[in-house]
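Note that the sequence shown covers residues 151 to 684 in this note's numbering. Using N, Cα and C, we set each Cβ at its ideal position, and we do this for glycine too. All of these numbers come straight from a predicted model, not from anything done at the bench.
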Amino acid sequence: MPKYIFVSGGVISGLGKGITTASLGAILQSKGFSVSAMKVDMYLNIDAGTIRPSEHGEVFVTEDGLESDQDLGNYERFLGRPLHRVNYMTTGQVYAEVIRKERAFEYEGEDVEAIPHLTDEIIRRFKSAVKGSDVVIVELGGTVGEYQNGIFFEATRILKMREPKNVVQIHVAYLPVPGNLGEMKTKPVQQSVRMLNSMGIQPDFVVGRSEEPMDDKRKERIALFCNVEKEAVISNPNVSSIYEIPLILEAQRLGDMVVKKLGLKARASDMKPWKDLVAKIKKPTEDLKIAVVGKYFTTGGFVLSDVYISVIEAIKHACWAVGRKPALTWIDAMEIEKNGTDRLKGFDGIVVPGGFGSRGIEGIIAAIGFARTNKIPYYGLCYGMQLACVEFARNVVGLKGANTTEIDTKAKHPVIHVMPDQEKKMLKKDYGASMRLGSWDCKVAPGTHSRKAYGAEIVSERHRHRYEFNNDYRDQLVAAGLVVAGTTPDGHLVEIIELKDHPFFVAVQFHPEFQSSPLKPHPLFLAFAKAAAK
Ligand code: GLN
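So, in structure tokens, the structure goes:
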């Protein structure tokens, strides 16, 4: 019988429910279960592809080309397995499907209602997500009590009613320590659980998120007022690395208790890989100073690094693996545009991640030029590859006015131009899920940094772009020292470029960051970290 674990949030958003979900997944996996995970977002958007990154954070791309919420990235990193379309659900998807069925007369004249028709569609999707696994952990987006996500909570209640032995409810809520009191308060958590109760849901476990660990007294209070056993109140305090959380939850036996509640046979867990990883992370070593030059770092007065979360995590994975401490600095491309490249002095390596549009672009190009001429290890991802081609065309080949047509549709030298099918789609205003998305094979050329790193000729990497290298310029750029290190298997589309006479200058059209995990860092990130460490 497939099992379902629902993780809801309370008191405030941004609690790290996703990390709790992913960590529990890692624990269950270590006990020998096959684990799936699912994120439920309450937006009407069909996917996250059309949401501004400064609004919603990174768009994570799955193998099968879904543009999803960044939490799927957390799940993949902790579970070390790919997830797919079935692992992501939005309100928009649910409504679109129910309305489609209604128009197709699939309800055969029934009055189509929120309950049971929306809830049944939601439950059908929970079931698709668990197919092939022993258990699915479903993270319910938002916090309890919001009007927008109520229907999902209702669906979990109905599923529990139908299959009481197969459903566990975990509520993650925040314990504040008001500055003037200096004492951890449990009332917001109690009220949050009351709100769940009023929807007919009794949590089996309450996970308290807090700055400091929760003491026994607080656990007792929550147990008493929230109607759970004291052992089922779990402390999840702030820690220096998210990869410690599986160990923290396991130390409180959350995994064993969940397994028991679901009627599964508990097995001893092997947490050694996580213990080794945390030891590596905590070992004091020298900093590896990496500059990440991007454009989405600030919104109003706030700095957002969530937009590049997979890139940041992948860099960290690689730094730890080479025995160095990741020291990342976000540099806003606009700052370089205004004040020049001085800011980039003293870094061991420079990364330019993906992006769209024209803001800050000249700053990014200047940063790439700085890395090239000063022989600083450079690693470009997607836009970071396209703009490296522009920089090379302009400053090495001498093609004045070289650009991507994303910035300048009438560029004199369009070294990066729109993919033919993309042009048609954009004319039709077909913007949803219409980029070149998901996994594609890439043929890696012998004798390159990339080939050495991968140790394989054919690799599969995930994509998300509308523009591509313009082959009209291939011979000219190659003659000037650009190395085409990877292409689609037919040789047509340029996927990786490198530079001759540079210690490490590798830029890729794809997003390798989506396939890096702490227990298995991505080979190209690893090669970059090694070069930077040198
Ligand atoms: N804007 C570029 C394109 O659409 C790069 C996309 C990206 O970096 N993800 O091709």
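- Under a 10 Å Cβ-count criterion, G215 is classified as buried, with 16 or more other Cβ atoms of the shown protein chains found around its own Cβ.
- DSSP, read as helix, strand or coil, puts A416 in coil.
- For C532, there is no enclosing beta strand (DSSP E), as DSSP marks it with neither H nor E.
- Around R307, the same chain offers G350 and I351 as residues with beta carbons nearer than 6 Å, after the five sequence neighbours per side are excluded.
- The C-beta of G551 has fewer than 16 other C-beta atoms within 10 Å across all chains shown, which makes the residue exposed.
- For G490, the closest C-alpha among the options K475, G505 and A517 is that of A517.
- Under DSSP, T554 takes part in a beta bridge, and its partners are I566.
- Cβ-Cβ separation between I647 and M576: approximately 25 Å, too far for a contact (criterion under 8 Å).
- A682 sits close to D498, with the two beta carbons spaced by under 7 Å.
- Distance from the C-beta of F506 to the nearest heavy atom of ligand 1 is below 6 Å.
- A distance below 7 Å separates the beta carbons of T171 and I287.
- Membership of Y604 in the alpha helix (DSSP H) is indicated by the continuous run H599 to Y604.
- No heavy atom of ligand 1 is found nearer than 6 Å to the CB of Y154.
- Annotated three-state conformation of G259 is coil, per DSSP.
- If you compare the alpha carbons of I177, G636 and D221 with that of D406, the shortest gap goes to I177.
- Of the candidates F542, S508, L346 and L587, the residue whose Cα lies closest to the Cα of A630 is F542.
- Across the set V540, E556 and F183, the C-alpha of V540 shows the shortest separation from the C-alpha of L549.
- In this structure, the beta-carbon distance from G175 to H321 does not fall below 7 Å.
- M239 places its beta carbon less than 7 Å from that of V190.
- Each of V472, Y297, K335 and T479 was checked against the Cα of V461, and the nearest Cα belongs to T479.
- For Y324, the closest alpha carbon among the candidates K411, S610, M334 and D270 is that of M334.
- According to DSSP, residue pairing for Q319 in a beta bridge involves F156.
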